[in-house]
Structure formats: C-alpha cells, structure tokens
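Numbering (our numbering), first residue to last: 414 to 938. C-beta atoms are modelled at their ideal positions from N, C-alpha and C, and glycine is treated no differently. Below is one structure; the comments refer to it alone.
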C-alpha cells in the first residue's frame, strides 16, 4: 500500500482493456464480498473504484510511478550608480534554470488507468534598467526604464491511459521573449493632493512546437495500418502581442497619518497553447488560447491611529475580466480556454494593534463577489445533477434545462469570505533574550477547486489554526522555534480535476496536523 495524500473517485464500474466475458464476478477484498454478476462464482479483478477505496485519504492502492525531484539554480545582480543627487541609474540582471522530474499514479488504483511521468527543463534570464529621479523641488518622483526577458524550455510527459489502451507521449518545446518600456511618476500638487500616472508597453513574441503522440497506435496501427498517431503537426507556431497598459491614481492626505487613494489600471496576461490534446488537430494554431485582459478600480484608506499603535488599511475594488483564461477538463485532456468574461467586486480590511505589555493582535477580513457575465460554449461540457439533486451547468456548458445557466457557475478558488486573527505575545527575559508566542486562525468560506464546479471537489468552509513558540537570543542572531500547523486536524480537498475520459476524479487533501522545529541564524547581526 502506498502512502499518498490524495483521492480517486469513480462514478460507474470501469472495465479495462484486458477484461473479457462480462461484468466482474464476486470480489472479496479484506473480507468485503462483492456482487455476483451473471451467476459466476469465479474471482475476478475488480474495476469498480469503490472497491479500490482504502477508506483513508492519505493512502491508496497506487502501484505506478511516485517520485519527485526538483533542481533549481539562479541568482541576480543589482548595480546602482548615482548620476547626480537627484538621479540614479539601476541595473537588475537575473538568471534561473530548473530541472523537474515527477511521477504520479493519478487513478489511485492498482490498474494503469492514468499514470503520469513528467520531465521539464527551463531556463530564463532578464535584464531591467531603471532611471530613478526627483524634480521640481522633490515634488515629482519618477522611474522609467526598459526590460527584456527570455525563456526557453521543454516538457516531456508520458501518460498511459486505460490499461495502456492509449499511451500518450508529449514532447513540447517553447520559447518566449518579452520586450518592455515603462514609466511611472508621482506628483505632489499640494501638501494634501497627489497624483500618479504610468504606463507599460510590452512586446511579446512566443513560439511553440507540439510533439504529442499516441505510441500505442491501437486505433491507427491496428485499424488503419499506419504508425503511431501524432496529434500536433510537426511545425512550430508563433504568436505575438503588442500591449500598452496604463495606470493612474489620485491621493489625498488628511494628515501625515491618514491617506485616501483612488487608482485605476489595465492588465494583460499573454495567451499560449494547450499542450495536451484529446483529438488531433490540422494546424498548430488550433491549440491556441488568447490573452486575458483586465481593468481594475480600487478605492482605499491607509491610516495609523493612537500614536501609531493601531494600523488600519481598508479598500474596495472592482475588476472587469475579458477573455478570462481557465483550465477546463475536456474529455481526457486539461484544455486552456478563454472561458468568457467575469467581474469581481469586493473589499478588504486589515487591522494591526499594539495592545501593550508585549501583546499585539492582527485582524484581517475580505469579501468577494465574483461572477461570469458571458460564457463561451465549449464542446463536451455537459450539465449534471449533483448528489443532492440540484442541477449544475459548469462554465462552458450548453445550459439546456429551464432555469439553469452557465452564468450561475462559480469562479474557481474564489471564496466569498475570508477572516483571519493573529495574536502575538513577546516576553523579555532577564538576559535581554525574548520569548515569543504566535498563533493564527483563518476562516475561509466554501469554494470550488475547479472551473467545472465538480461537486466532489467542492471545498467546504474551513478553519485553520497554527501556533508556535520562539526563543530569540539577546543579540538577535538566533531564533529557535517549535510549532504546529493545522492543529485542529481539519482535512479538505485543496486541488483536483475530473477526467471523464479516464472515468475518475482526482484530488489532493491538505496536510494533516504537523509539528516542526527550526533554527534560524541572522548573519546580518
């Protein structure tokens, strides 16, 4: 039995490619008898996921690949040159490379229903040159510059499906170049009023070569007499975008400790390609998805009160998304789609208070109202009836039943409420060392973990409690700590996706209650 923090759930008995002669017969596993189909009394392999359920969310009967190795190397160099007392030139150069190899048995059963091994290699480097300055008697502060980014990499996936009825082999290469120029300026019109304006122009040039194929060749080899099936044409595809994103804002200072602001800005997230297809395509451009755009307004108040013993930050915001990008499971493939348009409205409040006697308390809360305003119909996304009898129309579904609309779908990973409380107590010892007690409690409202709003992947409202005790040496060089996370041991699904093609839903749970000890050394002292 393999230890694994995950789940696998099947809706109907699933028959593998090697099964012959009708439904499974009696199955006696751990003294739990199965159903006698067709009067047969001969033992047979089970294919019902219910029989492969260990009853423990931290274990499964997986016998496929289960490993992970991640190697990363990188660094940055920052150079600063003071041209004058009011003008500074800065250079920031960065480099990073990663090698990532993983393997996981997603179906959670002894059968080869969905097993993934993955190798990735990527490198990137960037150069940013900034010019920072002051003018007009320091009323004007500005920064401008240019930015260049380049990355290249490949990903190689190997995925046997359905007892190797299909063996998908993915070998994809990607290259990405970004060129940008930007400027931002803050101007203090008076002691009370301030204004800011800025913008960023970005040139994006990206290319992709897809190499997905079916190595089994069962369909094309056995039926059509051809070799293994290739899903992508053997030619690269290129996409370019030229984007200008402006920002603007205004600030009003009631006094040195209280400031209100209003800001507006546009955002851009580049498009790309779906790298894992469920059907062959004639042109590599058929795998494209488009950029995502956003416009955001924010109104807020930043303040300090009672001789800086209370910090208060509050804000309300509104974001309008156009062509929002979502990962939507279609058949056996996770497909990136421009699912439609959405709006997000909400507010945030943060309080930090120094009570006295070494005690301080942090309190934060947020509210989000997120909803779709338009949804693109997506082939293969049906309506479904949940176990409680309610009808759901996921994002992209046809919406054929009365009173059911894809606009009713919830955006993934978007809880309506979130509250947190974080007290801290510091006690000074006779030798000037310190003992610190920290705790944090977070309440998060229910949410869906996937774009399709799969009921079994719904995350209920959760409560998380962490705590730790620290000893800080008199000089502040050493910080020794002992603590625990998820002290209430609440377990819930944190991520997952349905795979109708494989007949399963895969998900992962949060870690159980855990304890830790740490020692930190501050070399700056």
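Assignment of residue 869 by DSSP, reduced to helix, strand and coil, places it in the helix class. A contact is defined here as three or more CB-CB pairs under 8 Å, and the segment 665-684 meets this definition with respect to the segment 713-720. The three-state secondary structure of residue 586, taken from DSSP, is strand. Collapsing the DSSP output to three states places residue 698 in a helix. Following the DSSP letters along the chain, one finds residue 629 in no beta strand (DSSP E), marked with neither H nor E. Taking all protein chains in view, the Cβ of residue 719 is surrounded by fewer than 16 other Cβ atoms within 10 Å, so the residue is classified as exposed. A straight line joining the alpha-carbon of residue 767 with that of residue 849 spans about 15 Å. Judged by their CB atoms, residue 920 and residue 870 are nearer to each other than the 8 Å cut-off.
DSSP, read as helix, strand or coil, puts residue 471 in coil. By alpha-carbon distance to residue 539, the top candidate from 525, 557, 516 and 507 is 507.
Taking a contact as a CB-CB distance under 8 Å, the pair residue 904 and residue 925 counts as one, their CB atoms being some 7 Å apart. Within 10 angstroms of the beta-carbon of residue 696 lie fewer than 16 other beta-carbons, which makes it exposed.
Cα atoms of residue 777 and residue 835: separation of roughly 9 Å, rounded to the nearest angstrom. Nearest Cα to residue 602 within the set 558, 554 and 559: 554. Just so you know, the alpha carbons of residue 727 and residue 839 end up roughly 27 Å apart. Here the alpha carbon of residue 824 sits roughly 32 Å from the alpha carbon of residue 626. Nearest C-alpha to residue 735 among 764, 650, 646 and 702: 702.
A straight-line Cα-Cα distance of about 11 Å links residue 765 and residue 837. Under DSSP, residue 561 shares a beta bridge with 540 and 592.
Judged by DSSP in its simplified three-state form, residue 735 adopts strand. Proximity to residue 584 across 594, 572 and 655 peaks at 572, based on C-alpha coordinates. In the structure shown, residue 776 adopts extended strand secondary structure according to DSSP, grouped into three states. The alpha-carbon of residue 739 is positioned some 18 Å away from that of residue 698.
The beta carbon of residue 879 is closer than 6 Å to those of 853 and 898 in its chain, skipping five residues each way along the sequence. Taken in chain order, the complete beta strand (DSSP E) segments of 3 or more residues contained in the segment 868-938 are 875-885, 891-898, 906-912, 917-922 and 927-934. Boundaries of the beta strand (DSSP E) around residue 751: 746-769. Residue 753 is positioned such that its CB atom lies closer than 8 Å to that of residue 737.
Remark: C-beta atoms of residue 489 and residue 542 do not approach each other more closely than 8 Å. With 16 or more other Cβ atoms from the protein chains shown falling within 10 Å of its own Cβ, residue 587 counts as buried.
For residue 520, the three-state secondary structure derived from DSSP is coil.
Counting along the chain, residue 613 sits inside the beta strand (DSSP E) bounded by residues 606-622. Inside the segment 472-520, DSSP marks whole beta strand (DSSP E) runs of 3 or more residues at positions 480-497 and 500-518, from first to last along the chain. Across the set 527, 729 and 623, the C-alpha of 527 shows the shortest separation from the C-alpha of residue 578. In the DSSP annotation of this structure, residue 843 is not part of any beta strand (DSSP E), being labelled neither H nor E.
Boundaries cannot be given for residue 790, as no beta strand (DSSP E) includes it and DSSP labels it neither H nor E. From the listed residues 705, 761 and 723, the smallest Cα separation to residue 731 is found for 761.
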